[in-house]
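These notes are about the structure you will find just below.
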Amino acid sequence: MSLDDWHQAVYAFHRLVSEIADRYQGFVARHLGNNVLVVFGYPAAHERDAEQAVRAGLAICAATGTLESSAKIPLRCRVGLATGKVIIGGLIRLGDSREYEILGNVPDLAARLQMCAQTDMVAIDAQTRRLIGSLFNCRDLRQIVPTHDAEPTRCWQVLGERGIESRFEALRGSPLTPLVGRDEEIKLLLRRWVSVERGEGQVVLITGEPGIGKSRITVALEEQLQNKSHRTLRCFCSPYHQDSALHPFADHLGRAAEFTHGDTPTDRLQKLRGLLAYSAFTDEDVALIADLLQLPLPTSD
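For the sequence shown, the residue numbers in this note's numbering are 11 to 311.
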């Protein structure tokens, strides 16, 4: 590859990373040759920053494989992710570019994780692994990453996102700690359930700040209903899909049809048809649901 080809390839990679980082609310802080440093949680912190960083890393690895240099050489990448506190200062000039000054050990640890990773791999540290819970399938690499002034850390490879039914359980794990101080709320929900058993439809809206135990209350209610005939349907909204009003239902249908990460669109369409075969859905209904799940229907000759 000539020097000009290399520069064009690096530029294409930088542009790709910037687009994906923006999609997952990451912040491109610095370009280091053919490397890019992306920060999540700045300038505003979000509850799902660790998850979004992992999703961005997986998306970058997948998309880089579709890039091709002017020399017709496919491009590959490696991603290292570390979680911790840093201080982000003002802009500094590095050659012809202006980058943000970042103080802290986390970028250094992320770089070391990247060096330990193989091609097309997303490697994460122990703190990131803890924060993402069971939302992703991970493989313990059984490698120790040395750091300058902290304890060595183990690293994991992220294999892909899991099709979870309960985001709460995936992040909190099991068994759960006992629920304390919510007796009145549980009694209210059980009174509503009695009305449901009488044939009176009920809707309960639970609102509050993140982390106060809203999801925990719903788990406690389900524990109370273990011996009752009922069916639980879980749908999850996301601040990252605000422009897609039906995203929770599309996600639920995908889990119900048992979509997996490696499925082709044809595979997913077959699984969807199998799921809907148990109900009286017409071909037009199937086409509408397939469109909701962004699955192309085969064209008729």
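We treat Cβ as the ideally placed atom computed from N, Cα and C, and that holds for glycine.
Going by alpha carbons, who is nearest to residue i out of the options?
i, options, result
"Arg-149", "Pro-162, Gly-170 and Thr-163", "Gly-170"
"Asp-245", "Arg-40, Leu-256, Asn-237 and Leu-113", "At residue 245 the sequence reads Cys, which differs from the Asp that was named. Among Arg-40, Leu-256, Asn-237 and Leu-113, the Cα nearest to that of Cys-245 belongs to Leu-256."
"Thr-228", "Asn-237, Val-49 and Leu-200", "Leu-200"
"Pro-220", "Pro-249, Gly-211, Lys-197 and Thr-276", "Pro-249"
"Phe-259", "Leu-77, Asp-15 and Leu-243", "Leu-243"
"Asn-44", "Gln-35, Val-38, Asp-261 and Ala-19", "Ala-19"
"Ala-31", "Cys-71, Arg-241 and Arg-283", "Cys-71"
"Pro-84", "Leu-47, Leu-68 and Asp-15", "Asp-15"
"Val-116", "Ile-97, Ala-127 and Arg-172", "Ile-97"
"Ile-196", "Leu-235, Leu-307 and Thr-187", "Leu-235"
"Pro-275", "Lys-95, Leu-47, Ala-39 and Leu-307", "Leu-307"
"Met-125", "Val-213, Arg-283, Gln-167 and Ala-55", "Gln-167"
"Leu-113", "Gly-90, Ala-39 and Ile-222", "Ala-39"
"Gly-94", "Ser-254, Thr-76, Ala-63 and Arg-86", "Ala-63"
"Val-1", "Thr-217, Lys-224 and Arg-202", "Not covered by the structure: residue 1. The range shown for the chain is 11 to 311."
"His-56", "His-41, Ala-69, Phe-37 and Leu-42", "Phe-37"
"Gly-218", "Arg-226, Gln-212 and Gly-211", "Arg-226"
"Ala-230", "Ala-121, Leu-77, Thr-187 and Tyr-288", "Thr-187"
"Arg-172", "Pro-53, Ala-22, Ser-28 and Gly-272", "Gly-272"
Does DSSP classify residue i as helix, strand or coil?
i, result
"Tyr-21", "helix"
"Cys-71", "helix"
"Gly-264", "helix"
"Ile-154", "strand"
"Pro-84", "strand"
"Gln-234", "helix"
"Ile-112", "strand"
"Glu-171", "strand"
"Arg-241", "coil"
"Leu-13", "helix"
"His-257", "helix"
"Ile-30", "helix"
"Thr-138", "helix"
"Thr-129", "coil"
"His-41", "strand"
"Val-206", "helix"
"Arg-65", "helix"
"Arg-164", "strand"
"Ile-196", "helix"
"Arg-149", "strand"
"Leu-215", "coil"
"Leu-47", "strand"
"Val-190", "coil"
"Leu-91", "strand"
"Asp-311", "Low local confidence applies: a pLDDT of 45 at Asp-311 is under 50, so the model's placement there is unreliable, with the coordinate-based value given in what follows. DSSP places Asp-311 in coil when its eight states are reduced to three."
"Ile-222", "coil"
Rounded to whole angstroms, how far is the Cβ of residue i from the Cβ of residue j, which I believe are closer than 8 Å?
i, j, result
"Arg-164", "Thr-129", "So it is not a contact: roughly 21 Å between Cβ atoms."
"Ala-73", "Leu-145", "Between Leu-145 and Ala-73 the Cβ distance is about 21 Å, and since that is not below 8 Å, they are no contact."
"Glu-268", "Lys-281", "6 Å"
"Gly-99", "Glu-111", "4 Å"
"Gly-51", "Asp-59", "4 Å"
"Leu-119", "Ala-92", "4 Å"
"Ala-127", "Gly-75", "With a Cβ gap of about 15 Å, Ala-127 and Gly-75 do not count as contacting."
"Leu-285", "Ala-266", "6 Å"
"Phe-41", "His-24", "For the sequence presented, residue 41 should be read as His rather than Phe. Indeed, because the Cβ distance is near 6 Å, the residues count as touching under 8 Å."
Exposed or buried, what is residue i when buried is set at 16 or more other beta-carbons lying within 10 Å of its beta-carbon?
i, result
"Asp-193", "exposed"
"Val-132", "buried"
"Ile-142", "buried"
"Glu-207", "exposed"
"Thr-270", "exposed"
"Gly-3", "Nothing about residue 3 can be reported from this structure: the residues present for the chain run from 11 to 311 only."
"Asp-277", "exposed"
"Tyr-34", "buried"
"Glu-61", "buried"
"Val-204", "exposed"
"Val-48", "buried"
"Leu-123", "buried"
"Ile-134", "buried"
"Ile-299", "buried"
"Thr-292", "exposed"
"Asp-301", "exposed"
"Arg-140", "exposed"
"Leu-305", "buried"
Every unbroken alpha helix (DSSP H) within the stretch 270-306, with a cutoff of 4 residues, ordered by chain: 275-286 and 293-302
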